[in-house]
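What the sequence shown shows, in my numbering, is residues 146 to 609, in sequence order.
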Amino acid sequence: MKTVILSVSLLLSVPQLIYAVPSDLGVRAANGEKRSTYLVLLKEKEKRDWDKILPELGFKTTGKTEHVHSSKGESGLDYKSYVYKSSDGADITAFGATVRAFSKDMTADEKDRISKSALVDIMELDGLEGAKAGEARKAAEKAKKEKGKREVMRFKRAAAAPVKQTAAPWHLARISQKGAIKKEGEKPYQPQPGYTYRYDGLAGEGVDIYVIDSGVDIKNPALSAKATSMFTAYEKDHQDYAGHGTHVSGAIASQDFGVAKKSNIIDVKIINKDNIPISVGLMGFDFAYARHLQRKSQSGFKGSVINSSLGSASFGPSLIFRRLWAASFKDGMHIIMAAGNAGEDACYDLPEALSQSMPLITVGASDINDAGANFSNYGPCVSIYAPGVNILSPYQGKVAFLNGTSMATPQVAGMVAIELGKNPKLQLDPKGMKKLLLSKALKGMVKEPRSKAAPVLLYNGLDA
Numbered sequence: 146m147k148t149v150i151l152s153v154s155l156l157l158s159v160p161q162l163i164y165a166v167p168s169d170l171g172v173r174a175a176n177g178e179k180r181s182t183y184l185v186l187l188k189e190k191e192k193r194d195w196d197k198i199l200p201e202l203g204f205k206t207t208g209k210t211e212h213v214h215s216s217k218g219e220s221g222l223d224y225k226s227y228v229y230k231s232s233d234g235a236d237i238t239a240f241g242a243t244v245r246a247f248s249k250d251m252t253a254d255e256k257d258r259i260s261k262s263a264l265v266d267i268m269e270l271d272g273l274e275g276a277k278a279g280e281a282r283k284a285a286e287k288a289k290k291e292k293g294k295r296e297v298m299r300f301k302r303a304a305a306a307p308v309k310q311t312a313a314p315w316h317l318a319r320i321s322q323k324g325a326i327k328k329e330g331e332k333p334y335q336p337q338p339g340y341t342y343r344y345d346g347l348a349g350e351g352v353d354i355y356v357i358d359s360g361v362d363i364k365n366p367a368l369s370a371k372a373t374s375m376f377t378a379y380e381k382d383h384q385d386y387a388g389h390g391t392h393v394s395g396a397i398a399s400q401d402f403g404v405a406k407k408s409n410i411i412d413v414k415i416i417n418k419d420n421i422p423i424s425v426g427l428m429g430f431d432f433a434y435a436r437h438l439q440r441k442s443q444s445g446f447k448g449s450v451i452n453s454s455l456g457s458a459s460f461g462p463s464l465i466f467r468r469l470w471a472a473s474f475k476d477g478m479h480i481i482m483a484a485g486n487a488g489e490d491a492c493y494d495l496p497e498a499l500s501q502s503m504p505l506i507t508v509g510a511s512d513i514n515d516a517g518a519n520f521s522n523y524g525p526c527v528s529i530y531a532p533g534v535n536i537l538s539p540y541q542g543k544v545a546f547l548n549g550t551s552m553a554t555p556q557v558a559g560m561v562a563i564e565l566g567k568n569p570k571l572q573l574d575p576k577g578m579k580k581l582l583l584s585k586a587l588k589g590m591v592k593e594p595r596s597k598a599a600p601v602l603l604y605n606g607l608d609a
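Put into structure tokens, the structure is as follows:
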């Protein structure tokens, strides 16, 4: 039995990273029978212990190992998975907070039997997300060599709102002015004296932004006071081997390069060094949703935003993911997702196409000339564009220029955080937030001849 090969990349260009996955996810049972890996979602009402559920499904287990992904001390939420040793030699990984799910290599007969169980809601192939940190590092190093590098700078901030940041990076200046950037100097992508970022003084304070990515370097001085490591799919390993999640987080909240400088960055690490199954991504989203449900009734809650700068070809076809997203929106989470770097109509891809039926905000990338980046997906399923070419942000202790819809997405997430601070009534209203964001966006500025739709550009309404 063949599996469907699905891949996800960190949506970073220069060069575009599309990671290869094995040609066949299947394995062979001891008797030579073909197996494929399946992800199984239980019925919503099923709350019993896994020790009772698995035998009822016909699995014979010989022991289990507990894995802690987040503890109450870290996040206020215990999040664990359990790996059961099966008598047929195929491990069963069971997990879930807002959903109950497990993954296992199964034969065709086993798959048919499990799919007919009254305990099972959805069963689907557990595809792979490609994410190799080494390739991401090579891309970042190439970007630094091409555009140069500089140490983190500190800028003085005024005390009153709105706040003005002078000598700002071009991407911040662009989202706070109506007109195009007036390029300065021989290196216009570098912060210039004439580039000014004007932003609301609340700066997203208190808003939780879940960066579901490759990890966040919380020791980086640009993020140490803003970021907290709360979840990792890899025991206690929170290290960002790719640098991708750190760069994304810096574009959200760092003092010099971030949009929402007072927001809370919450590290949700699902990507390590190699290809990972969809089930690992599901754990990360499930954790963020569960913590949101916990936080939204607590004092001081200002809103929850998910930043997903991941290529999501494997997320989109997943009915389980779509079920989780729909529930998240209903409970007031704001989800911002990269539109993709394939240079094609985003409506041909999932979950990007869902942006027209859900309050999902999908983000395309533009350059300093307000042109749609050649790598960016486009079309009516791209909700909004934001700067995504030569974006400067923290990376492995220093800073680097990177390209991609990955770099555009955190700017929108940061803007949502700022608007949540200004508009408390929208804290649990992702549909209303999306409407507000698009109403403020600049029309007729993005030059995108490939698209029949009229693209709009991120703008905060505070012309510098």
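Cβ atoms here follow ideal geometry from the backbone N, Cα and C, with glycine treated the same way.
Note that this is a predicted model, so its numbers are computed, not measured.
* Take M552 as the anchor and find which of L495, K570, A562 and S394 has the nearest alpha-carbon. => Distance from the Cα of M552 is smallest, within the candidate group L495, K570, A562 and S394, for S394.
* To do: Provide the residue(s) that pair with S511 in DSSP beta bridges, ordered along the chain.
  => Answer is G517 and P532, bridged to S511.
* Asked: Just to confirm, are T550 and A484 a CB contact at a threshold of 8 Å?
  -> The beta carbons of T550 and A484 sit closer together than 8 Å.
* Asked: Using the C-alpha atoms, what's the distance from D382 back to G477?
  -> Roughly 30 Å between the two C-alpha positions.
* Inter-residue spacing [alpha-carbon to alpha-carbon] between D512 and K418 -> Answer to the nearest angstrom: the Cα atoms are 30 Å apart.
* To do: Using three-state DSSP, classify F466 as helix, strand or coil.
  => In the structure shown, F466 sits in a helix (DSSP, three-state: H, G or I).
* Asked: Cα separation between Q501 and C526?
  -> Here the alpha carbon of Q501 sits roughly 6 Å from the alpha carbon of C526.
* Quick one: residues in its chain with C-beta nearer than 7 Å to the C-beta of G537, no 5 flanking neighbours on either side, listed in chain order? => As written in the sequence, residue 537 is Leu, which differs from the Gly given in the question. Here the set comprises P314, F402, V544 and F546.
* Which of helix, strand or coil does DSSP assign to R193? -> In the structure shown, the three-state DSSP call for R193 is coil.
* Figure out for me which residue from S584, V534 and Y530 has the closest Cα to the Cα of S596. => For S596, the closest of S584, V534 and Y530 by C-alpha to C-alpha distance is Y530.
* **Neighbourhood of M590 by C-beta, 7 Å cutoff - its chain only, sequence neighbours within 5 removed** => Hits under 7 Å: D515 and L602.
* Asked: DSSP three-state call for L581: helix, strand or coil?
  -> For L581, the secondary structure class from DSSP, reduced to helix, strand or coil, is helix.
* Report buried or exposed for L464, applying the criterion of at least 16 other Cβ atoms within 10 angstroms of its Cβ. => When all chains shown are included, L464 counts as exposed.
* Asked: By how many angstroms is the C-alpha of N519 removed from the C-alpha of L581?
  -> Distance between the alpha carbons of L581 and N519 is about 28 Å.
* When the Cβ atoms of the region 349 to 357 are set against those of the region 429 to 441, are three or more pairs found closer than 8 Å? -> Contact between the region 349 to 357 and the region 429 to 441 is present: 3 or more CB-CB pairs across the two stretches fall below 8 Å.
* Spatial neighbours of K371 in its chain, beta-carbon cut-off 6 Å, leaving aside the 5 residues before and after -> Around K371: A398 and I410.
* **Beta bridge counterpart(s) of K588 as assigned by DSSP** => In the DSSP assignment, the residues bridged to K588 are V601.
* Given S424 as reference, the closest of S220, N605 and R245 once Cα atoms are compared -> Minimum Cα distance to S424 is reached at R245.
* Asked: Can you tell me where the beta strand (DSSP E) with V228 in it begins and where it stops?
  -> For V228, the enclosing beta strand (DSSP E) begins and ends at Y224 to S231.
* F376 by DSSP, collapsed to three states: which one? -> Strand, per DSSP.
* Between E189, D574, K230 and K592, which lies nearest to Y523 when the distance is taken from Cα to Cα? -> Taking only the C-alpha atoms, the option nearest Y523 is K592.
* What alpha helix (DSSP H) runs, 4 residues minimum, are completely inside the region 359 to 440? -> Whole alpha helix (DSSP H) segments, 4+ residues: 389 to 398 and 423 to 440.
* Note down the Cα distance separating Y334 from D574, rounded to an integer number of angstroms. => Distance between the alpha carbons of Y334 and D574 is about 36 Å.
* Tell me, to the nearest whole angstrom, how far the beta carbon of H212 is from that of E380; I am working on the premise that it is less than 8 Å. => H212 to E380, Cβ: 6 Å. Contact.
* **Local Cβ density within 10 Å of A325, reported as buried at 16 or more and exposed below that** => Exposed: under 16 other Cβ atoms inside 10 Å.
* Asked: Residue range of the alpha helix (DSSP H) that S260 falls in?
  -> Unbroken alpha helix (DSSP H) run through S260: A253 to S260.
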